[in-house]
Amino acid sequence: MALEMRKFCEACERSISIEADAYICTYECTFCEPCTENMKYICPNCGGELVKRPKPR
Numbered sequence: 460m461a462l463e464m465r466k467f468c469e470a471c472e473r474s475i476s477i478e479a480d481a482y483i484c485t486y487e488c489t490f491c492e493p494c495t496e497n498m499k500y501i502c503p504n505c506g507g508e509l510v511k512r513p514k515p516r
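Take the working numbering: the last position of the sequence shown gets the number 516, and nothing is skipped along the way.
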């Protein structure tokens, strides 16, 4: 099952390119790096850890 690879930060709505660093939780909530740092790497939706999203080949 492939990741959805969302294109916008759920916190600030900033555009995130597929090649850019983005952070996701286990439910694929997606955030840009500055918002992730502000949230201390914790998803505000589920409380799970935010980790760097893998980049496509």
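Cβ coordinates follow ideal geometry from the N, Cα and C atoms, glycine included.
Below 8 Å on the Cβ atoms is my contact criterion, and I expect Arg516 with Cys491 to pass it. Report the Cβ-Cβ distance as a whole number of Å.
Contact check for Arg516 and Cys491: beta-carbon distance about 22 Å, past the 8 Å limit, so the pair fails to qualify.
So, for Cys494: in the same chain, excluding its five sequence neighbours on each side, which residues have a beta-carbon less than 6 Å away from its beta-carbon?
So the list reads Cys468, Ala470 and Cys471, once near-sequence residues are dropped.
Whole angstroms is fine: what's the gap from Lys514's alpha carbon to Pro503's?
Straight-line Cα distance between these residues: approximately 23 Å.
Which residues in the same chain have their Cβ closer than 6 Å to the Cβ of Cys488, if we skip the five residues on either side of it in sequence?
Here the set comprises Glu469, Cys502 and Asn504.
What residues in its chain sit with their C-beta under 7 Å from that of Ile483, if we drop five residues either side in the sequence?
Thr489, Leu509, Val510 and Arg512.
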